[in-house]
Every structure is written in C-alpha cells, then in structure tokens.
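Report on the structure given below.
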Amino acid sequence: MKQPTFLEGAVLALITALSGSVLFSALNLLLTVDTTIRVLISLLSLVYTVYLMTRSRKRLGRVTTFSAWLLMTVAGWVMLPGVLHLLLLHCAFIWIVRSFFQHSGLPAAIADLALCSLSLAAAAWATLQSGSIFLTIWCFFLTQALFTAIPKSWRGKQPPAEAVNDNFYHAYQIAQKALSKLVSS
0 MKQPTFLEGA VLALITALSG SVLFSALNLL LTVDTTIRVL ISLLSLVYTV YLMTRSRKRL
60 GRVTTFSAWL LMTVAGWVML PGVLHLLLLH CAFIWIVRSF FQHSGLPAAI ADLALCSLSL
120 AAAAWATLQS GSIFLTIWCF FLTQALFTAI PKSWRGKQPP AEAVNDNFYH AYQIAQKALS
180 KLVSS
C-alpha cells in the first residue's frame, strides 16, 4: 500500500473543508450553533480516523479504534461542557490514532503531538482572522497533512563498528525485530 503524501492530505483537507462548510450550513438550520459544531467536529474526526486507518499497513486494531472513537465521542458529548473541550478531545484522539497507525517510535509521536498543536493554532488563527468555517477546517486539516513529513521512526545512534560482530548485539537485533513484529501485528 502506498504511503500517504502531503498532496493527498491537501486534497483531503479541501474535501473536508468543502463538505464541512456545507454540512455546517445545512445543520445550522435545524440545530443550535453549539450542537452543529459538536456534530461537525465528531463527524470530521471520524472521517479523518477512517482515512488514517485505511492508509495504514497495520490491520489490527481497526474495530477497537472505531469502538474507542464511539465511546470517546459519546463520553465527550455527555461529560464535556464546551465545544473547545470536545475539539481538544478529538484532536488528541487523532494524535493517538496516527501515532499508532502511522508512526513507530516516541520521537515521531512527540513530533506528531506538536503538529496537532500547530494545527489547532492554525485553525484558531483562521477562525479569528476570517470567521469562516471553511478556512478553519481547511487550515486544520492542511496542517495535519504535514504528518507525512515526520519520519516513521527516528533511530538512535548507530552502534560502533566493533559491536556489529558482537554476539550480544546480534541477539539484540533479533529481539528488536521480534518485538517490532509483535507490536505491529
């Protein structure tokens, strides 16, 4: 399976911004603004989560991820007082899903967390500057598309040349590969 690209993410950002703004306008006729934004945040989070899962080579955990999204969304709707809290919850969920399905390693996950924070800042900036729901969604997901620039995992220092022939180091490499297969399966 081909890995996601920035261009693909930019197209997804455009599609989600267009459909999100149309959905906002339609739902706003039926629901209050607060409820409309909650529905929009939840639906766009689901769409992006499904996108991340389909673009990953990992097959395990998809049903669990959807169940976790559903549980988190219901709990967020019931327990969280404001829209901002729900937005932060869904953004954290996107970070966790992307860290699991797209990255392997703590440095990559931390860089992704910084990217999620940056995308929230970009969305807030777009909202304050324009007040447009289209630009807010587009800026958020366009910034999210930058996750493709994060290396899948950052490795530590390479071992010294004399350690390569060492039996312990060879056993260590085999154990690391086995552990990696267990985690990704």
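Everything in the sequence shown is counted per numbering that gives the first Met the number 0, starting at 0 for the first residue and increasing by one.
Just so it is clear, CB atoms sit at the ideal spot from N, CA and C, and this is done for glycine as well.
- Item | For S131, the first and last residue of its enclosing alpha helix (DSSP H) | Mapped onto the sequence shown, residue 131 falls at position 132. No alpha helix (DSSP H) contains S131, which DSSP labels as neither H nor E.
- Task: Output the distance between the C-alpha atoms of K156 and A67, rounded to the nearest integer angstrom.
- Result: Within the sequence shown, residue 156 is the residue found at index 157, counting from 1. Within the sequence shown, residue 67 is the residue found at index 68, counting from 1. Confidence in K156 is poor, its pLDDT being 47 and thus under 50, which makes the residue's placement too unreliable to answer from.
- Expressed to the nearest angstrom, what Euclidean distance is found between the alpha-carbon atoms of T135 and T53? By one-based count along the sequence shown, residue 135 stands at place 136. By one-based count along the sequence shown, residue 53 stands at place 54. Cα to Cα, the separation comes out at about 25 Å.
- Query: Going straight from the alpha carbon of L70 to that of H169, what length do you get?
  - Reply: Along the sequence shown, read from residue 1 onward, the residue named residue 70 stands at position 71. Along the sequence shown, read from residue 1 onward, the residue named residue 169 stands at position 170. Approximately 44 Å, taken between the alpha carbons.
- Message: So, at 7 Å on beta carbons, what are the nonlocal neighbours of S98 in its own chain, with the 5 sequence-adjacent residues on each side left out?
- Response: Taking the first residue of the sequence shown as position 1, residue 98 is located at position 99. For S98, where only same-chain residues beyond five positions count, the Cβ hits under 7 Å are A108 and D111.
- Query: Is there contact between the segment 110-127 and the segment 75-83, where contact requires at least three CB pairs shorter than 8 Å?
  - Reply: no
- Task: Would you decide whether W124 is buried or exposed? Buried here means 16 or more other CB atoms lie within 10 Å of its CB.
- Result: On the sequence shown, residue 124 is found 125 positions in, with the first residue counted as 1. Result: exposed.
- Using a Cβ-Cβ cut-off of 7 Å (strictly less than) and excluding sequence neighbours within five positions of R37, which residues of its own chain qualify? By 1-based counting over the sequence shown, the position of residue 37 is 38. Around R37: W76, V82 and L85.
- Should L181 go down as buried or exposed, given a rule of 16 or more other Cβ atoms within 10 Å for buried? Start at 1 with the first residue of the sequence shown, and residue 181 comes out as number 182. Answer is exposed; the Cβ neighbour count stays below 16.
- Query: Which residues in the same chain have their Cβ closer than 6 Å to the Cβ of I14, if we skip the five residues on either side of it in sequence?
  - Reply: Locating residue 14 in the sequence shown gives position 15, where the first residue counts as 1. Around I14: no qualifying Cβ.
- Message: Quick check: the Cα distance between H89 and S44, rounded to an integer number of angstroms?
- Response: Working through the sequence shown from its first residue, we reach residue 89 at position 90. Working through the sequence shown from its first residue, we reach residue 44 at position 45. Spanning the two alpha carbons is a distance of roughly 6 Å.
- Query: Considering only C-alpha positions, which residue in the set Y171, Q143, I173 and S179 is nearest to L6?
  - Reply: Numbered from 1 along the sequence shown, position 7 holds the residue referred to as residue 6. Comparing Cα positions, the closest option is Q143.
- Message: Let me confirm a value: L51 is counted as buried when at least 16 other C-beta atoms fall within 10 Å, else exposed. Which label applies?
- Response: Counting from one through the sequence shown, the residue named residue 51 turns up at place 52. Looking at its Cβ environment, which holds 16 or more other Cβ atoms inside 10 Å, L51 is buried.
- Grab me the residues of G19's own chain with a C-beta within less than 7 Å of its C-beta, minus the 5 sequence neighbours each way, in chain order. For this step, residue 19 is matched to residue 20 along the sequence shown. Taken in chain order, the residues that qualify are L39, L43, I132 and I136.
- Would you kindly work out how many angstroms separate the C-alpha atoms of H102 and K57, rounded to a whole number? The sequence position of residue 102 within the sequence shown is 103, counting from 1. The sequence position of residue 57 within the sequence shown is 58, counting from 1. Each residue's Cα considered, the two are about 11 Å apart.
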